[in-house]
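Taken in order, the sequence shown gives residues 297 to 762; the numbers are from this note's numbering. Only one structure is covered here, and it is reproduced in the block below.
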Amino acid sequence: MTMRTLLGATALGLALLQPVFDRAEAQTLRVQTGAPSSALQVPMNRAVVVESDTPFAELSIANPGIADISTLSDKSIYVLGKAPGRTTMTLLSADGRLISNVEVHVTPDIAEFKERLRQILPGEQIEVRTANDGIVLSGTVSSTAKLDRALDLANRYAPERISNLMSVGGTQQVMLKVRFAEMQRSVSKSLSASLGIGSSGGNITSAAATGNVNGINRALAGSAISTTSTGAMSLGFSAGSLQFAVLLEALESKGMVRTLAEPNLTALSGQEAKFLAGGEYPIPVSAEDGTISVEYKPFGVELNFTPVVVDGDIINLTLNAAVSSIDSTLSVQTNGISINAFKRRETSTTVEMRDGESFAIAGLLQDDFRNLNGQVPWLGDIPVIGALFRSSEYQRSQSELVIIVTPHLVTPTRGETLALPTDRVKLPTERELFLFGKVTGKNAPKGAAGEVARQDYSGSYGYVME
297 MTMRTLLGAT
307 ALGLALLQPV
317 FDRAEAQTLR
327 VQTGAPSSAL
337 QVPMNRAVVV
347 ESDTPFAELS
357 IANPGIADIS
367 TLSDKSIYVL
377 GKAPGRTTMT
387 LLSADGRLIS
397 NVEVHVTPDI
407 AEFKERLRQI
417 LPGEQIEVRT
427 ANDGIVLSGT
437 VSSTAKLDRA
447 LDLANRYAPE
457 RISNLMSVGG
467 TQQVMLKVRF
477 AEMQRSVSKS
487 LSASLGIGSS
497 GGNITSAAAT
507 GNVNGINRAL
517 AGSAISTTST
527 GAMSLGFSAG
537 SLQFAVLLEA
547 LESKGMVRTL
557 AEPNLTALSG
567 QEAKFLAGGE
577 YPIPVSAEDG
587 TISVEYKPFG
597 VELNFTPVVV
607 DGDIINLTLN
617 AAVSSIDSTL
627 SVQTNGISIN
637 AFKRRETSTT
647 VEMRDGESFA
657 IAGLLQDDFR
667 NLNGQVPWLG
677 DIPVIGALFR
687 SSEYQRSQSE
697 LVIIVTPHLV
707 TPTRGETLAL
717 PTDRVKLPTE
727 RELFLFGKVT
737 GKNAPKGAAG
747 EVARQDYSGS
757 YGYVME
């Protein structure tokens, strides 16, 4: 065979082989004597016909579990793909000479997979290839949800043999804005009366009504009631050797506490982010050998969240938010050390919303009410006069807590367009400080940051100084 004939036969073989790579259906591979045999691509559960220009007398396959062969004639071979893998098919002539060794590659049937992928995810730029006995997915998809669908579909064709080289396009960074708003209100009213009778020989404390006996004794002695008393009034008079004193105590107190925190935190889709604004409280811990070590318990505004951009602007949030503070009204004594208790409001949830939408993920309304009435038996039941032998107390406290979350899809920006809290403040000169008592300078910094710094302090974003 001449060189021109050999080159022509090789070109013809490659031309016939090319459709095998493009379409996973039965094709024909020609084996030319004296020419190197190309690898035979056989889709799993599909057949390929191999034709030889030289009659063969003996045919064998190295691994029958990968491919099955049968003869159609002395020049035609039927190859059926059974399992993904590689094996070798050997052709021998009647005189025992080697005609060719054909490398057989059995791969998953990706033609059907490609078709299903185009039907389920139209418009997605996903490339499908085979590697060894698995499927390789590459390209760019528009969302994480569509990436998961492509992987689930590929798992049907090549279970646990999938290489994911795909990337997700679009914005994949999420800024979470959380608003903690808590309002506490308390009202307390108390009215009590005490009556005391004394003589020049001493006080008769057994005649005092329920109330401030020490205050009555001080009133009988003519001294001040107390330096810490609020809303107290005493009236005393004497008749001969007897002394009478009446002590009235009326007190009303109102209190209100507002707590507001707005932590903002940015994280990549699928990655956890943590935020803590507060401190750590030392707590002594006793070991088995009697030694005391110190552990620190964090308190303040805590925020842990994991965002996942599901599809487009839909964001899935796994959120854990807490507000804690030291409660100085409750404490425990251990080994001579006083340890305060903690107030903690915590929520853990998973929500899904679009970019810019808000969700009130937690709310708490607590209303505590208490009435207390103490009196001297029978005497406190006398109309009008019984008020002198009675003590009444009224307390009510209300607490409201709301936690609102708002996610935003964000992209990086240039650093000079961002303003810091310090950009709004300029150090004063000695003249401004000593002559005019100014603690800050007049002019804001120059540049883009200074332009942002000169904007109004109010608004939903930025920093507020009160």
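Idealized CB from N, CA, C, for every residue including glycine.
Local conformation of Glu545 per DSSP, three classes: Locating residue 545 in the sequence shown gives position 249, where the first residue counts as 1. The answer is strand: DSSP assigns Glu545 an E or B state.
How long is the line joining the alpha carbons of Arg452 and Asn397, rounded to whole angstroms? For the purposes of this step, residue 452 is identified with residue 156 of the sequence shown, where counting begins at 1. For the purposes of this step, residue 397 is identified with residue 101 of the sequence shown, where counting begins at 1. Cα-Cα distance, rounded: 33 Å.
Who are Gln694's beta bridge partners in DSSP? Locating residue 694 in the sequence shown gives position 398, counting from the first residue. Paired residues: Arg481 and Asp663.
Using the Cα positions of Gly576 and Glu642, report the straight-line distance between them to the nearest angstrom. Taking the sequence shown and counting its residues from 1, the one referred to as residue 576 is at position 280. Taking the sequence shown and counting its residues from 1, the one referred to as residue 642 is at position 346. A small fix is needed here, since residue 576 is Glu in this sequence, not Gly. Approximately 17 Å between the Cα atoms of the pair.
By the 10 Å Cβ neighbour count, where 16 or more other Cβ atoms means buried, how is Ile416 classified, buried or exposed? Taking the first residue of the sequence shown as 1, we reach residue 416 at position 120. Ile416 comes out exposed.
Kindly identify the DSSP beta-bridge partner or partners of Pro796. Within the shown structure, residues of the chain are numbered from 297 to 762, placing residue 796 beyond reach of any answer.
Under the assumption that Val344 contacts Leu336 (Cβ atoms under 8 Å), give the Cβ distance between them as a whole number of angstroms. Locating residue 344 in the sequence shown gives position 48, where the first residue counts as 1. Locating residue 336 in the sequence shown gives position 40, where the first residue counts as 1. Indeed, because the Cβ distance is near 6 Å, the residues count as touching under 8 Å.
Close-in-space but distant-in-sequence residues of the same chain around Leu661 (CB under 7 Å, 5 per side omitted): If you number the sequence shown from 1, residue 661 lands on position 365. Only Glu696 meet the Cβ criterion.
Does the segment 649-663 come close enough to the segment 623-632 that 3 or more CB-CB pairs lie under 8 Å? The segment 623-632 vs the segment 649-663: no contact.
Starting from Ala407 and walking both ways along the alpha helix (DSSP H), at which residues does that stretch end? What you label residue 407 is simply residue 111 of the sequence shown in a count that begins at 1. Per DSSP, Ala407 belongs to the alpha helix (DSSP H) from Ile406 to Ile416.
By the DSSP assignment, the alpha helix (DSSP H) with Ala450 in it spans what residues? Numbered from its first residue, the sequence shown carries residue 450 at position 154. Per DSSP, Ala450 belongs to the alpha helix (DSSP H) from Thr440 to Tyr453.
What's the call for Arg425, buried or exposed, on a 16-neighbour Cβ count within 10 Å? Taking the first residue of the sequence shown as 1, we reach residue 425 at position 129. Burial call: exposed.
Within 10 angstroms of its Cβ, does Val597 collect 16 or more other Cβ (buried), or is it exposed? By one-based count along the sequence shown, residue 597 stands at place 301. Label assigned to Val597: buried.
Taking the alpha carbon of Phe476 as the reference point, which residue from Ile458, Ala573, Arg457 and Thr383 has its own alpha carbon closest? Here residue 476 refers to the residue found at position 180 when the sequence shown is read from its first residue. For the residues Ile458, Ala573, Arg457 and Thr383, the minimum Cα distance to Phe476 belongs to Ala573.
Any idea what DSSP makes of Pro559, helix, strand or coil? Residue mapping note: residue 559 aligns to position 263 of the sequence shown, counting from 1. Three-state result, Pro559: coil.
Reducing DSSP to helix, strand and coil, say where Ile362 ends up. Taking the first residue of the sequence shown as 1, we reach residue 362 at position 66. Ile362: coil per DSSP, three-state reduction.
Roughly how many whole angstroms lie between the Cα atoms of Asn386 and Thr436? As a first step, residue 386 must be located in the sequence shown, where it is residue number 90. As a first step, residue 436 must be located in the sequence shown, where it is residue number 140. Position check: residue 386 holds Thr in this sequence, whereas Asn was assumed. If you take the alpha carbons of Thr386 and Thr436, they lie about 42 Å apart.
What is the rounded straight-line gap between the Cα of Glu420 and the Cα of Ala441? Mapped onto the sequence shown, residue 420 falls at position 124. Mapped onto the sequence shown, residue 441 falls at position 145. Answer to the nearest angstrom: the Cα atoms are 12 Å apart.
So what does Thr630 bridge to, in DSSP terms? Looking up residue 630 in the sequence shown gives position 334. DSSP output for Thr630 lists Ile633 as bridge partner(s).
Would you list the one or two residues that DSSP bridges to Arg475? Locating residue 475 in the sequence shown gives position 179, counting from the first residue. DSSP, once it has assigned bridges, lists Ile700 as partnering Arg475.
For the beta strand (DSSP E) holding Gly456, just list the boundary residues, first then last. Working through the sequence shown from its first residue, we reach residue 456 at position 160. Checking the sequence shown, residue 456 turns out to be Glu, not Gly. Here Glu456 belongs to no beta strand (DSSP E), and DSSP marks it neither H nor E.
Let me know if Ser490 comes out buried or exposed under the rule of 16 or more other beta-carbons within 10 Å of its beta-carbon. Locating residue 490 in the sequence shown gives position 194, counting from the first residue. Classification for Ser490: buried.
Run of the beta strand (DSSP E) containing Lys722, from where it starts to where it stops: Position 426 of the sequence shown, counted from the start, is the residue given in the question as residue 722. It is not in any beta strand (DSSP E) - Lys722 carries neither H nor E in the DSSP assignment.
What span of residues does the beta strand (DSSP E) with Gly435 cover, start to end? The residue given as residue 435 occupies position 139 in the sequence shown. Start and end: Gly430 to Val437.
State the beta-bridge partners of Val672 as determined by DSSP. Within the sequence shown, numbered from 1, the residue matching residue 672 stands at position 376. Note: Val672 sits in no beta bridge, so no partner.
Tell me whether Leu487 counts as near the ligand SAM, meaning its Cβ is closer than 7 Å to at least one heavy atom of that ligand. Within the structure as shown, the ligand SAM is missing, as the structure has no ligands at all.
Segment contact, 8 Å Cβ cut-off, at least three pairs: the segment 700-714 with the segment 665-680: no
Among Ser463, Gln469 and Glu456, nearest to Ser565 - alpha-carbon criterion: Locating residue 565 in the sequence shown gives position 269, where the first residue counts as 1. Closest by C-alpha distance to Ser565, out of Ser463, Gln469 and Glu456, is Gln469.
Opening and closing residue of the beta strand (DSSP E) in which Pro578 lies: Taking the sequence shown and counting its residues from 1, one reaches residue 578 at position 282. Segment Ala569 to Ser582, the beta strand (DSSP E) holding Pro578.
If Ser654 sits next to Thr702, beta carbons under 8 Å apart, how far is it from one beta carbon to the other, in whole angstroms? In the sequence shown, residue 654 corresponds to position 358, counting from 1. In the sequence shown, residue 702 corresponds to position 406, counting from 1. Indeed, because the Cβ distance is near 4 Å, the residues count as touching under 8 Å.
Excluding sequence positions up to five away, which residues of its chain have a Cβ less than 8 Å from the Cβ of Phe571? Your numbering for residue 571 matches position 275 in the sequence shown. Once the five neighbours on either side are set aside, the close Cβ partners of Phe571 are Pro559, Leu561, Val597, Glu598, Leu599 and Asn600.
Cβ neighbour criterion (16 or more within 10 Å) applied to Ser754: Residue mapping note: residue 754 aligns to position 458 of the sequence shown, counting from 1. Because Ser754 carries a pLDDT of 47, less than 50, the predicted location of this residue cannot be relied on, and no value is offered for it.
Please report the distance separating the alpha-carbon of Gly480 from that of Leu556. Along the sequence shown, read from residue 1 onward, the residue named residue 480 stands at position 184. Along the sequence shown, read from residue 1 onward, the residue named residue 556 stands at position 260. The question names Gly, yet the displayed sequence has Gln at residue 480. Near 12 Å, if we compare the C-alpha coordinates of Leu556 and Gln480.
Using only CA atoms, which one of Ser372, Val400 and Asp391 lies nearest to Pro339? Within the sequence shown, the letter at position 43 stands for residue 339. Out of Ser372, Val400 and Asp391, Val400 has the C-alpha closest to the C-alpha of Pro339.
What are the residues that DSSP puts in a beta bridge with Asn460? Within the sequence shown, residue 460 is the residue found at index 164, counting from 1. Asn460 pairs with Leu433.
If I'm right that Ala725 touches Gly737 with Cβ under 8 Å, what's the distance once you round it to whole angstroms? Here residue 725 is taken as the residue at index 429 of the sequence shown, counted from 1. Here residue 737 is taken as the residue at index 441 of the sequence shown, counted from 1. In the sequence under discussion, the amino acid at residue 725 is Thr, which differs from the Ala named in the question. With 8 Å as the limit, Thr725 and Gly737 qualify as a contact, their Cβ atoms being about 7 Å apart.
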